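Numbered per the working numbering, the sequence shown finishes at 768, counting up by one with no gaps.
Glycine included, every Cβ here is placed at the ideal spot set by N, Cα and C.
All values reported here derive from a predicted model rather than from experimental measurement.
Okay, structure first, notes after.
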Amino acid sequence: MDEMAGLTTRWTKAAESAAVPWPEYPRPQLRRENWTNLNGSWDFAIGGTQRPEKFDRKIRVPYPVESHLSGVNEMVPEGATVWYRRELPPTTATGRTFLRFEAVDWHAKVYLDGQLLGEHKGGSDPFAFDVTGVVSNGKPHELVVAVTDPTDAGPQPRGKQVRKPGGIFYRPTTGIWQTVWMETVPERFVHSLYTETKMDGRVTVHLGTSSSGPVTLSVFDGAERVAQITGDTAKPIELRVPSPKLWSPSSPFRYRLEVTCGSDKVEHKFGIREFGLSKEAQPRFTLNGKPIFLFGPLDQGYWPDGLLTPPTEAAMRYDLEVTQRLGFNTVRKHVKVESARWYEACDEMGLIVLQDMPSGDRSIGPSDPDLQRTPESAAIYEQELRAMIAGRRMFTSVAMWVVFNEGWGQFDTARITDLTKKLDPNRWVNSASGWTDREVGDTWDIHVYPGPASPKPDPKRALLLGEYGGLGLRVEGHLWQADGGWGYRSYPSREALGEALRDSFFALNMLRGDGLSGAIYTQTTDVETEINGLLTYDREVLKVDEKTFRGWADSLHGPIPKVSTLIETSERTGHLWRYTKSDPGEGWMATAFDDSKWAEGEAGFGSTGTPGAVVRTPWTENGSIWIRRKVELAATPRSELALRIHHDEDAEVYLNGELAAKLPGWSDGYRLVRIPTKLAKGPLTIAVKCTQTSGGQNIDVGIVELGQ
Numbered sequence: 061m062d063e064m065a066g067l068t069t070r071w072t073k074a075a076e077s078a079a080v081p082w083p084e085y086p087r088p089q090l091r092r093e094n095w096t097n098l099n100g101s102w103d104f105a106i107g108g109t110q111r112p113e114k115f116d117r118k119i120r121v122p123y124p125v126e127s128h129l130s131g132v133n134e135m136v137p138e139g140a141t142v143w144y145r146r147e148l149p150p151t152t153a154t155g156r157t158f159l160r161f162e163a164v165d166w167h168a169k170v171y172l173d174g175q176l177l178g179e180h181k182g183g184s185d186p187f188a189f190d191v192t193g194v195v196s197n198g199k200p201h202e203l204v205v206a207v208t209d210p211t212d213a214g215p216q217p218r219g220k221q222v223r224k225p226g227g228i229f230y231r232p233t234t235g236i237w238q239t240v241w242m243e244t245v246p247e248r249f250v251h252s253l254y255t256e257t258k259m260d261g262r263v264t265v266h267l268g269t270s271s272s273g274p275v276t277l278s279v280f281d282g283a284e285r286v287a288q289i290t291g292d293t294a295k296p297i298e299l300r301v302p303s304p305k306l307w308s309p310s311s312p313f314r315y316r317l318e319v320t321c322g323s324d325k326v327e328h329k330f331g332i333r334e335f336g337l338s339k340e341a342q343p344r345f346t347l348n349g350k351p352i353f354l355f356g357p358l359d360q361g362y363w364p365d366g367l368l369t370p371p372t373e374a375a376m377r378y379d380l381e382v383t384q385r386l387g388f389n390t391v392r393k394h395v396k397v398e399s400a401r402w403y404e405a406c407d408e409m410g411l412i413v414l415q416d417m418p419s420g421d422r423s424i425g426p427s428d429p430d431l432q433r434t435p436e437s438a439a440i441y442e443q444e445l446r447a448m449i450a451g452r453r454m455f456t457s458v459a460m461w462v463v464f465n466e467g468w469g470q471f472d473t474a475r476i477t478d479l480t481k482k483l484d485p486n487r488w489v490n491s492a493s494g495w496t497d498r499e500v501g502d503t504w505d506i507h508v509y510p511g512p513a514s515p516k517p518d519p520k521r522a523l524l525l526g527e528y529g530g531l532g533l534r535v536e537g538h539l540w541q542a543d544g545g546w547g548y549r550s551y552p553s554r555e556a557l558g559e560a561l562r563d564s565f566f567a568l569n570m571l572r573g574d575g576l577s578g579a580i581y582t583q584t585t586d587v588e589t590e591i592n593g594l595l596t597y598d599r600e601v602l603k604v605d606e607k608t609f610r611g612w613a614d615s616l617h618g619p620i621p622k623v624s625t626l627i628e629t630s631e632r633t634g635h636l637w638r639y640t641k642s643d644p645g646e647g648w649m650a651t652a653f654d655d656s657k658w659a660e661g662e663a664g665f666g667s668t669g670t671p672g673a674v675v676r677t678p679w680t681e682n683g684s685i686w687i688r689r690k691v692e693l694a695a696t697p698r699s700e701l702a703l704r705i706h707h708d709e710d711a712e713v714y715l716n717g718e719l720a721a722k723l724p725g726w727s728d729g730y731r732l733v734r735i736p737t738k739l740a741k742g743p744l745t746i747a748v749k750c751t752q753t754s755g756g757q758n759i760d761v762g763i764v765e766l767g768q
């Protein structure tokens, strides 16, 4: 069995020394007092399908088997079963007692005193068993949990977990990875609750109770009761909050809801807010009827010591606190479902959540048709999708369900998108983040690295840049692997990274003028071999200047810039350029250079299949291409200028013989690049050299002007 890497965090020791890790009540939105936390040291064994004769090891729950914090820190052999055992404390409480698991990855069988209580399949959703008749006799009982997890050998949703980690895929997690607890409730009790709200103060409360009958709902603003109603749980209950205080990132106000169901009393907090789309030629996201630009990091939720499980609640909240300090108003929770306490923190802090459905099964490419999943695989996906929505729609901050990501497990896109919207019509649905758009859902989402870039206009959907950036910086002493690490584009220093980010924010702001309604920067932290986080993987080093970054982020929420096209690219209409694939020698970029013997063709120049490219003239050889175009500017530009360019790979752009931009690497879409060049009315010569070494290739260039 292979030991995992040993990078730790400032919270590792606190997690290791805690008698009860994660002592907080795990369901903050359905709060009760009478409960027992079962986290801590359990007996443990790795074996086969039959109960082992000896549980000869210990494991720290709720950390995954493969994590440092579990105390096991080993890869689970393929096909093996992990076995947990502990004694349940005696209880004499009256009512009904439930044994609850917040998340176990993936297939759990639960035994009490040797008898099978039941089983559950699903890596991210909570489940429970009624153990009233067994544990109410005041005696201790033996609890045993057996877990199997096929990881990437099965079709189930698994997110980034693989047995052979590398690149954008990470260590697997097996077994119990969120809190286990026991609680006693009255015979008649509330088991689920969520609200739907409107800006005018209308609140619809959906209650699930053990039996129908009257309930009383009381809404409080601090100590003041502002609304109360008694209704029957047979249907949703509607009430109105007068003069509502609306929830938003700048004012995350929440009301307190007390529910009385017989002798059962629970507490819930909710914000009044409404997500929508503006009625414009190019719709934008709206919050409470006003356009909002969603700007957030891609948050993978991985930890070097706990993998999918943060070491402590303080650690979990630290990531969100840094996110907010940097000026983000949004978090994209990437192919992972967090504990309820994470969403509670987002509600409290005012961070909008774009929630991914974890990926699973096979992948498709950008031009491939949807997968044909097996009936078993499709059923697993739909079951876990429904469970994710049911378990997280109680949180005010959750604004969007991201159904598929980059073609991973993507099948029946239109049907699954429609199903998601029917399950929750009050949030945005993103049918496919990156690559495989099927023209359904509330947003068109593209991924461009490093970017930024924007989808083409869409009269029915908001435009979202679902992933961009990935700018890397190695910080020695804070790496998962001392000799590794990669970013989509890496920089030698903090200063160089800052300059790249400055230019990126400039381009992103300009894209708002083109209709872009949100952008997700990759990413919150480094993860394993990825070094493209704003924080190092151990959370010790923030790679950017906080105040400067915050200023850039704040600029995205000001007046929407006006972007005017000075020189068109060939995205929509082909424009003629002179070109050559043979070295033209010195002075080729000069205005007076004679290019009359060069060939003539429409941009873009490249190979079909290159991501984001519109190829009109083939260029398929490795090496360089030189292109030139002469145009006439009708007026002298008075504002800042930027190139609109798709380059794969390295590009040099000259305007009237002067170097305007030198762009290393490649883009997988059109992006804006700020240029310091001053232009004047009259003739303009654009000269470009693009160099190709491997993979796809393309070059096309235009110029835009930024105004207010």
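Using a threshold of 7 Å, state whether the C-beta atoms of residue i and residue j are closer than that.
i: GLU138; j: ASP173; result: no
i: ARG446; j: ALA474; result: no
i: MET259; j: ASN348; result: yes
i: GLY219; j: LYS396; result: yes
i: PRO122; j: THR239; result: yes
i: PHE345; j: ASN389; result: no
i: HIS712; j: LYS722; result: Residue 712 is actually Glu in this sequence, not His. Against a cut-off of 7 Å, the Cβ pair of LYS722 and GLU712 comes out as a contact.
i: VAL601; j: VAL535; result: yes
i: THR234; j: VAL301; result: no
i: TRP504; j: LEU523; result: yes
Residue i bridges to which residues according to DSSP?
i: PHE665; result: THR677 and ILE759
i: LEU306; result: ILE332
i: ALA721; result: VAL713
i: TRP488; result: MET460
i: LEU177; result: Answer is none; LEU177 lacks a bridge partner.
i: GLY155; result: Bridge partners of GLY155: none, in fact.
i: ILE352; result: For ILE352, which the question treats as bridged, DSSP gives no partner whatsoever.
i: CYS406; result: Note: CYS406 sits in no beta bridge, so no partner.
i: GLN288; result: SER278
i: ILE297; result: VAL265
DSSP three-state call for residue i: helix, strand or coil?
i: ASP365; result: coil
i: ALA747; result: strand
i: ASP708; result: strand
i: GLY611; result: helix
i: VAL391; result: strand
i: MET61; result: Because the pLDDT at MET61 is just 36, under 50, the model does not fix this residue reliably, and the value given afterwards should be weighed accordingly. In the structure shown, MET61 sits in coil (DSSP, three-state: anything other than H, G, I, E or B).
i: ASP478; result: helix
i: PHE566; result: helix
i: GLN443; result: helix
i: VAL222; result: coil
i: ARG632; result: coil
i: PRO435; result: helix
Once the 5 residues before and after residue i are set aside, which same chain residues still bring their CB inside 7 Å of it?
i: VAL195; result: LEU148, THR151, THR157 and HIS201
i: GLN384; result: MET409 and LEU411
i: GLY178; result: VAL170 and PHE189
i: ASP62; result: Only weak support exists for where ASP62 lies, its pLDDT of 42 falling under 50; the value from the coordinates is given anyway. Contacts found: GLU134 and MET135.
Around the Cβ of residue i, are there at least 16 other Cβ atoms within 10 angstroms (buried) or fewer (exposed)?
i: SER624; result: exposed
i: LYS114; result: exposed
i: GLN541; result: exposed
i: SER553; result: exposed
i: THR109; result: exposed
i: SER77; result: exposed
i: PRO678; result: exposed
i: GLN583; result: buried
i: ARG285; result: exposed
i: LEU595; result: buried
i: TYR298; result: According to the sequence displayed, residue 298 carries Glu and not Tyr. GLU298 comes out exposed.
i: ASP598; result: buried
i: PRO83; result: exposed
Excluding the five sequence neighbours on either side, which residues of its own chain have a C-beta within less than 8 Å of the C-beta of residue i, listed in chain order?
i: SER615; result: PHE565 and ASN569
Can you list, in chain order, the residues of its chain with a C-beta nearer than 6 Å to that of residue i? Leave out the 5 residues immediately preceding and following it.
i: ASP185; result: ALA447 and GLY451
i: GLY717; result: MET649, ALA650 and THR651
i: SER127; result: GLY366 and LEU367
i: SER323; result: PRO246
Check the Cβ-Cβ distances between residue i and every residue of chain C, and say whether any is below 7 Å.
i: ASN569; result: This model lacks chain C altogether; it includes just one protein chain.
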